[in-house]
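Novice:
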Amino acid sequence: MVSVNPFGDFRENCRDALRESITQLFPSISVESFLLDIPPNPEFGELASTICFELGRQMEKKPKKMAKQIVDIMEMDNFPLIKAVTVAGQGYVNFYANFTALSKTTIESIHSLDTTYGFVKTNKPKRIIVEHTSSNPMSPIHIGQARNPILGDSLARLLTARGHTVFRHFYIDDVGRQSAVAAYGYQKLGKPSPKEKPDHYIGLIYTLTSCLIEINRLKKETEKSIEGASETTQLMQRQLDEWLSIAAELEAKHPKLFNQLLEKTMKDKDKQTLVNNLNRAYEIGKEKARVLVREVCHLSLEGIRETLINAEIFFDSWDWESEFAWNSDVSKILNALKKTGYVYQEGPVLEFDANKVAEDFRLKEKLGMKDDYEIPSLTLVRSDGTTLYTTRDIPYTLWKFRIAEEVINVVGMEQKLSQQQLKLALWGLGYAEKAKNLTHFSYNLVTLPGYKMSSRKGRYISFDEVIEEAVKRAREEVETRSPQLPEAEKQKISKIVGIGALKYALVEVDPIKPVVFTWDRVINFERNSAPYIQYSHARACSILKKATKSKRLNFSLLVEPMERDLILTLARFPEVFINSADNLKPSAISDYANLLADKFNSFYNALSVIGAKPKALSNTRRALVEAVSIVIRNSLNLIGIKAPLRM
RNA sequence: GGGUCCGUAGCCUAGUUUGGAUAAGGCGCUGGCCUUCGGAGCCGGAGAGCGGGGGUUCAAAUCCCCUCGGACCCGCCA
Numbered sequence: 041m042v043s044v045n046p047f048g049d050f051r052e053n054c055r056d057a058l059r060e061s062i063t064q065l066f067p068s069i070s071v072e073s074f075l076l077d078i079p080p081n082p083e084f085g086e087l088a089s090t091i092c093f094e095l096g097r098q099m100e101k102k103p104k105k106m107a108k109q110i111v112d113i114m115e116m117d118n119f120p121l122i123k124a125v126t127v128a129g130q131g132y133v134n135f136y137a138n139f140t141a142l143s144k145t146t147i148e149s150i151h152s153l154d155t156t157y158g159f160v161k162t163n164k165p166k167r168i169i170v171e172h173t174s175s176n177p178m179s180p181i182h183i184g185q186a187r188n189p190i191l192g193d194s195l196a197r198l199l200t201a202r203g204h205t206v207f208r209h210f211y212i213d214d215v216g217r218q219s220a221v222a223a224y225g226y227q228k229l230g231k232p233s234p235k236e237k238p239d240h241y242i243g244l245i246y247t248l249t250s251c252l253i254e255i256n257r258l259k260k261e262t263e264k265s266i267e268g269a270s271e272t273t274q275l276m277q278r279q280l281d282e283w284l285s286i287a288a289e290l291e292a293k294h295p296k297l298f299n300q301l302l303e304k305t306m307k308d309k310d311k312q313t314l315v316n317n318l319n320r321a322y323e324i325g326k327e328k329a330r331v332l333v334r335e336v337c338h339l340s341l342e343g344i345r346e347t348l349i350n351a352e353i354f355f356d357s358w359d360w361e362s363e364f365a366w367n368s369d370v371s372k373i374l375n376a377l378k379k380t381g382y383v384y385q386e387g388p389v390l391e392f393d394a395n396k397v398a399e400d401f402r403l404k405e406k407l408g409m410k411d412d413y414e415i416p417s418l419t420l421v422r423s424d425g426t427t428l429y430t431t432r433d434i435p436y437t438l439w440k441f442r443i444a445e446e447v448i449n450v451v452g453m454e455q456k457l458s459q460q461q462l463k464l465a466l467w468g469l470g471y472a473e474k475a476k477n478l479t480h481f482s483y484n485l486v487t488l489p490g491y492k493m494s495s496r497k498g499r500y501i502s503f504d505e506v507i508e509e510a511v512k513r514a515r516e517e518v519e520t521r522s523p524q525l526p527e528a529e530k531q532k533i534s535k536i537v538g539i540g541a542l543k544y545a546l547v548e549v550d551p552i553k554p555v556v557f558t559w560d561r562v563i564n565f566e567r568n569s570a571p572y573i574q575y576s577h578a579r580a581c582s583i584l585k586k587a588t589k590s591k592r593l594n595f596s597l598l599v600e601p602m603e604r605d606l607i608l609t610l611a612r613f614p615e616v617f618i619n620s621a622d623n624l625k626p627s628a629i630s631d632y633a634n635l636l637a638d639k640f641n642s643f644y645n646a647l648s649v650i651g652a653k654p655k656a657l658s659n660t661r662r663a664l665v666e667a668v669s670i671v672i673r674n675s676l677n678l679i680g681i682k683a684p685l686r687m
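Here's what the structure looks like:
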């Protein structure tokens with residue numbers, strides 16, 4: 041019989057058995073949940089209940105005694121997956137699986153379900169938007185940001201496999217000031233056609249321009265405040281010094297373009313204002329500004345898209361922020377907000393009182409805030425009439441909710457406050473349900489040892505560079521290990537392995553924890569890495585190629601602890617998957633894949649498949665190996681990593 | 001100053017949502033394995049009692065309080 045969740049079936053057997061005994065013995069007691077834990081050691085069985093500790097307290101009896109009573113009356117015949125039940129310790133009830141039955145169900149189900157094994161469908165399918173990456177369109181994706189597409193893509197894969205309808209959206213933040221900065225520089229340089237990958241080229245222009253503007257601004261401001269002793273002046277002086285040293289770095293690295301830009305912008309005494317004007321013109325949709333900024337965006341996005349495709353990360357929709365500004369969605373929302381009473385004017389500036397919303401709807405506790413915490417207000421409109429990122433995010437979010445019932449934003453944790461303010465704006469506007477269905481999937485920074493990466497300051501390692509290096513190193517490995525492979529396949533494998541290593545390194549760590557980037561960390565080919573798991577898969581495939589398939593199987597022959605451990609791990613995959621998808625935890629999958637590879641390698645090393653006697657054992661082990669290969673492949677798939685047949 | 005998050009062997013991490021039986025891996029260190037199907041491998045050893053203190057509980061790395069250290073936020077940036 042095919043089971044979508046073999047270990048889950050065993051769990052249900054145990055739960056039912058437990059429930060029957062308990063209701064029979066203690067009909068007066070109502071037990072809500074019969075949670076079963078995986079014991080720390082196989083000698084305690086495959087599942088264990090601690091319910092007698094709880095019952096013992098309620099009924100003032102010894103847990104061990106109750107456990108004995110419960111076990112004594114248990115009718116085992118109704119539960120084919122349970123082999124035995126015992127009492128252990130101070131009152132644990134331990135269940136032992138009937139391995140012949142469990143092995144058969146597990147292996148047969150995996151063979152039969154194949155590419156869908158493990159992917160248990162939810163009974164509440166939803167339409168979900170996963171918005172991710174959404175990086176600054178004016179520079180290449182750097183490795184600090186790369187955690188975002190990798191996590192976002194895994195989430196989308198997990199939720200799709202869970203049976204949801206998922207839409208992957210890239211929000212192009214083209215209205216921000218950074219677009220105006222890059223566009224200004226691009227125009228001054230005479231709209232040059234990129235000499236390299238376009239996002240890298242535009243990114244360089246952005247960094248150089250941004251640097252010149254900052255220096256220009258800071259110089260003017262420090263000159264203005266002549267009495268140079270005040271604290272703010274000192275701060276400005278320090279900032280100026282930092283930007284001057286950045287300028288020196290940039291000039292040394294890109295002398296030609298730097299000096300060209302310097303020369304071309306020399307005459308602009310107030311660059312800051314020019315950029316602000318361009319920003320405003322673009323936001324209100326002035327023709328010239330539209331043409332210019334879009335041109336730069338398109339160039340850069342072409343490069344960004346190339347990077348993502350190279351990493352096999354795809355989107356269903358590319359949403360232009362400017363569309364929401366131009367089609368008056370933003371102004372409609374502003375008007376609606378004004379009517380709520382949660383908005384107040386400070387001169388020309390419009391502020392949103394997030395704190396008041398939280399108090400009126402009693403949301404602070406739900407948002408994990410202390411009662412007396414004063415949520416900062418959110419500026420909606422600048423004094424020059426332009427809006428801010430979060431302001432524009434409100435209509436965008438509502439637009440997403442027209443497509444989907446649930447929205448997950450993969451956004452760095454440094455934006456936590458603004459994501460909360462966004463949520464509160466939805467509450468204030470009367471969209472409580474939407475606010476509840478908006479999730480900020482937050483993740484921590486990837487830093488370079490000692491400092492943060494910054495596009496604006498030009499201090500970053502691009503995603504492209506890291507991919508290139510990873511593939512290059514993988515290529516060297518393939519060359520030494522499998523020199524006989526044809527060139528085309530070597531290339532293909534190097535890419536799968538290199539990118540796999542990279543993705544794995546960034547998925548593996550809990551997103552809430554920071555990662556310090558080092559080359560050896562993200563391009564690791566040893567144990568606990570994608571290549572290690574891929575290698576295990578290739579080994580399994582190698583056996584499958586050599587051993588002929590047979591239908592004459594006998595699952596009762598799989599008695600070795602290593603075989604059982606392996607089968608148990610395979611049987612648990614669906615539960616791991618459900619937990620990972622429902623709790624948005626891709627790292628649970630990378631963990632699992634690694635665990636499975638570990639178990640397989642131990643098995644591989646200790647027991648032979650092809651030469652095993654009798655023949656039925658060999659056949660059955662082969663079936664087990666095939667199941668392993670399927671589950672490794674399925675699990676890696678969820679985190680966007682491919683499993684090569686050989687490497 | 002206010003807020004959020006993190007703190008597990010020399011280093012990197014899992015486990016914390018849902019409290020349970022000797023705290024799990026990897027790197028590094030170290031002793032073995034030409035044993036057949038791929039050594040990107042396998043088997044073993046040393047190494048932490050979970051930042052510190054208190055509390056709740058039959059039971060705490062997990063929950064609560066205090067405290068120390070680090071990161072991030074508190075922008076008319078995104």
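431 is the number that our numbering gives to position 391 of the first sequence; each next residue is one higher, with no gaps. Yeah, the Cβ is synthetic: ideal placement off N, Cα and C, and Gly gets one too. Source: prediction; values computed, not measured.
Would you kindly check if the distance between the Cβ of H182 and the Cβ of S502 is under 7 Å?
Specialist: As a position in the first sequence, residue 502 is number 462, starting the count at 1. As a position in the first sequence, residue 182 is number 142, starting the count at 1. Against a cut-off of 7 Å, the Cβ pair of H182 and S502 comes out as a contact.
Novice: Quick one: which unbroken beta strand (DSSP E) runs of 3-plus residues sit fully inside the region 338–408? Chain order, please.
Specialist: 357–360, 383–386, 389–392
Novice: Confirm, please, whether the CB-CB distance from D369 to P295 is below 7 Å.
Specialist: Taking the first sequence and counting its residues from 1, the one referred to as residue 295 is at position 255. Taking the first sequence and counting its residues from 1, the one referred to as residue 369 is at position 329. The criterion of a C-beta distance shorter than 7 Å is not satisfied by P295 and D369.
Novice: Measure the C-alpha to C-alpha separation of L647 and R513 and round it to an integer number of angstroms.
Specialist: The residue labelled residue 647 in the question sits at position 607 within the first sequence. The residue labelled residue 513 in the question sits at position 473 within the first sequence. Spanning the two alpha carbons is a distance of roughly 32 Å.
Novice: Going by C-alpha to C-alpha distance, which of L275, E148, R402, L420 sits closest to D412?
Specialist: On the first sequence, residue 412 is found 372 positions in, with the first residue counted as 1. D412 has its Cα closest to that of R402, out of L275, E148, R402, L420.
Novice: For V556, which beta-bridge partners are listed by DSSP?
Specialist: By one-based count along the first sequence, residue 556 stands at place 516. Note: V556 sits in a beta bridge opposite T487.
Novice: Identify whether A124 lies in helix, strand or coil by the three-state DSSP scheme.
Specialist: Looking up residue 124 in the first sequence gives position 84. DSSP, reduced to helix, strand and coil, places A124 within a strand of the structure shown.
Novice: Once DSSP output is grouped into helix, strand and coil, what is the label at R31?
Specialist: Given a span of 41 to 687 for the chain in the structure shown, any question on residue 31 remains unanswerable.
Novice: What did DSSP end up calling F481 once you bin it into helix, strand or coil?
Specialist: For the purposes of this step, residue 481 is taken as residue 441 along the first sequence, with counting starting at 1. F481 falls in the strand class under three-state DSSP.
Novice: Measure the CB-CB distance between S675 and I607 and report whether it falls below 7 Å.
Specialist: Residue numbering aside, residue 675 sits at position 635 when the first sequence is read from its first letter. Residue numbering aside, residue 607 sits at position 567 when the first sequence is read from its first letter. Result no, Cβ atoms of S675 and I607 do not sit closer than 7 Å.
Novice: Figure out for me which residue from S362, P180, T487 has the closest Cα to the Cα of R432.
Specialist: Stepping through the first sequence from its first residue, residue 432 is reached at position 392. That would be S362, whose Cα lies nearest to the Cα of R432.
Novice: Starting from L87, follow the alpha helix (DSSP H) in both directions and report where the run begins and ends.
Specialist: For this step, residue 87 is matched to residue 47 along the first sequence. L87 -> not in any alpha helix (DSSP H); beta strand (DSSP E) instead, spanning 87–89.
Novice: Assuming the contact rule is C-beta atoms closer than 8 Å, E86 and F135 should be a hit. Round their C-beta distance to whole Å, please.
Specialist: Counted from its first residue, the first sequence places residue 86 at position 46. Counted from its first residue, the first sequence places residue 135 at position 95. Their Cβ separation, rounded to whole angstroms, is 6 Å, which keeps E86 and F135 in contact under 8 Å.
Novice: Which residues bound the beta strand (DSSP E) around H209?
Specialist: Locating residue 209 in the first sequence gives position 169, counting from the first residue. Taken as a continuous stretch (DSSP letters only), the beta strand (DSSP E) holding H209 covers 205–212.
Novice: Within the continuous alpha helix (DSSP H) that includes R197, where are the two ends?
Specialist: Start at 1 with the first residue of the first sequence, and residue 197 comes out as number 157. According to the DSSP assignment, R197 belongs to the alpha helix (DSSP H) that extends over 187–201.
Novice: Which residue's Cα is closest to the Cα of I344: T173, E445, F298?
Specialist: Locating residue 344 in the first sequence gives position 304, where the first residue counts as 1. For I344, the nearest C-alpha among the options comes from T173.
Novice: Which same chain residues end up closer than 6 Å to R208 when comparing Cβ atoms and leaving out the 5 residues on each side of it in sequence?
Specialist: By 1-based counting over the first sequence, the position of residue 208 is 168. Excluding residues up to 5 positions away in sequence, V170, A196, F355, D356 lie with their Cβ nearer than 6 Å to the Cβ of R208 in the same chain.
Novice: Which residues mark the beginning and the end of the beta strand (DSSP E) in which I583 is found?
Specialist: Locating residue 583 in the first sequence gives position 543, counting from the first residue. Boundaries around I583 are those of the alpha helix (DSSP H), 570–586, since no beta strand (DSSP E) includes it.
Novice: Who are the Cβ neighbours of N641 in its own chain at under 7 Å, not counting the five residues just before and after it?
Specialist: Here residue 641 refers to the residue found at position 601 when the first sequence is read from its first residue. Within the same chain, Cβ atoms closer than 7 Å to the Cβ of N641 are found at S576, the five residues on either side in sequence being excluded.
Novice: I believe P614 touches I679 by the beta-carbon criterion, under 8 Å. Please report the beta-carbon distance rounded to the nearest angstrom.
Specialist: Your numbering for residue 614 matches position 574 in the first sequence. Your numbering for residue 679 matches position 639 in the first sequence. Going by Cβ atoms, the distance from P614 to I679 rounds to 16 Å, so no, they are not a contact pair.
Novice: Buried or exposed, going by whether 16 or more other CB atoms sit within 10 Å of the CB of K235?
Specialist: Residue numbering aside, residue 235 sits at position 195 when the first sequence is read from its first letter. Per the 10 Å Cβ criterion, exposed.
Novice: Can you say whether N645 is buried or exposed, counting buried as having 16 or more other CB atoms within 10 angstroms of its CB?
Specialist: Your numbering for residue 645 matches position 605 in the first sequence. N645 is exposed by the Cβ-count criterion.
Novice: Could you please give me the residues that DSSP links to N134 through a beta bridge?
Specialist: The sequence position of residue 134 within the first sequence is 94, counting from 1. DSSP output for N134 lists A88, T126 as bridge partner(s).
Novice: Please classify I168: does DSSP put it in a helix, a strand, or coil?
Specialist: What you label residue 168 is simply residue 128 of the first sequence in a count that begins at 1. It is a strand residue.
Novice: Between which two residues does the alpha helix (DSSP H) holding E60 run?
Specialist: As a first step, residue 60 must be located in the first sequence, where it is residue number 20. Element bounds for E60: 46–65.
Novice: Where does R661 land, buried or exposed, given buried means 16+ other C-beta within 10 angstroms?
Specialist: Within the first sequence, the letter at position 621 stands for residue 661. Its Cβ being crowded by 16 or more others within 10 Å, R661 is buried.
Novice: What number of angstroms, rounded off, separates the C-alpha of E291 from the C-alpha of F298?
Specialist: The residue you call residue 291 lines up with position 251 of the first sequence. The residue you call residue 298 lines up with position 258 of the first sequence. Spanning the two alpha carbons is a distance of roughly 6 Å.
Novice: With DSSP run on the structure shown, which of helix, strand or coil describes T140?
Specialist: For the purposes of this step, residue 140 is identified with residue 100 of the first sequence, where counting begins at 1. Correct three-state label for T140: helix.
Novice: Helix or strand or just coil, what does DSSP make of L598?
Specialist: Taking the first sequence and counting its residues from 1, the one referred to as residue 598 is at position 558. In the structure shown, L598 sits in coil (DSSP, three-state: anything other than H, G, I, E or B).
Novice: Here's the rule I'm using: 16 or more other beta-carbon atoms within 10 Å means buried, otherwise exposed. How should S233 be labelled?
Specialist: In the first sequence, residue 233 corresponds to position 193, counting from 1. When all chains shown are included, S233 counts as exposed.
Novice: I'd like to know whether the C-beta atoms of F93 and R612 end up nearer to each other than 7 Å.
Specialist: Here residue 93 refers to the residue found at position 53 when the first sequence is read from its first residue. Here residue 612 refers to the residue found at position 572 when the first sequence is read from its first residue. Cβ distance not < 7 Å, so F93 and R612 don't count as in contact.
Novice: So the candidates are Y572, V383, P180; which of them puts its Cα closest to the Cα of Y544?
Specialist: Locating residue 544 in the first sequence gives position 504, counting from the first residue. Here the closest residue by C-alpha is Y572.
Novice: With respect to the alpha helix (DSSP H) encompassing T156, which residues constitute its N-terminal and C-terminal limits?
Specialist: Translated into the one-based positions of the first sequence, residue 156 becomes position 116. Judged by DSSP secondary structure, T156 falls outside any alpha helix (DSSP H); it is assigned neither H nor E.
Novice: For Q227, collect the residues of the same chain with a Cβ closer than 7 Å to its Cβ; drop the 5 residues on either side in sequence, then sort them by chain order.
Specialist: For this step, residue 227 is matched to residue 187 along the first sequence. The answer, listed in chain order, is L332.
Novice: In terms of alpha-carbon separation, which member of I681, N634, K682, I583 lies closest to S658?
Specialist: Position 618 of the first sequence, counted from the first residue, corresponds to residue 658. Looking at the Cα atoms, I583 is the closest of the given residues.
Novice: Please return the same chain residues whose Cβ sits closer than 6 Å to the Cβ of N53, not counting the five positions on each side in sequence.
Specialist: As a working note, residue 53 is residue 13 in the first sequence. Around N53: F119, L121, I122.
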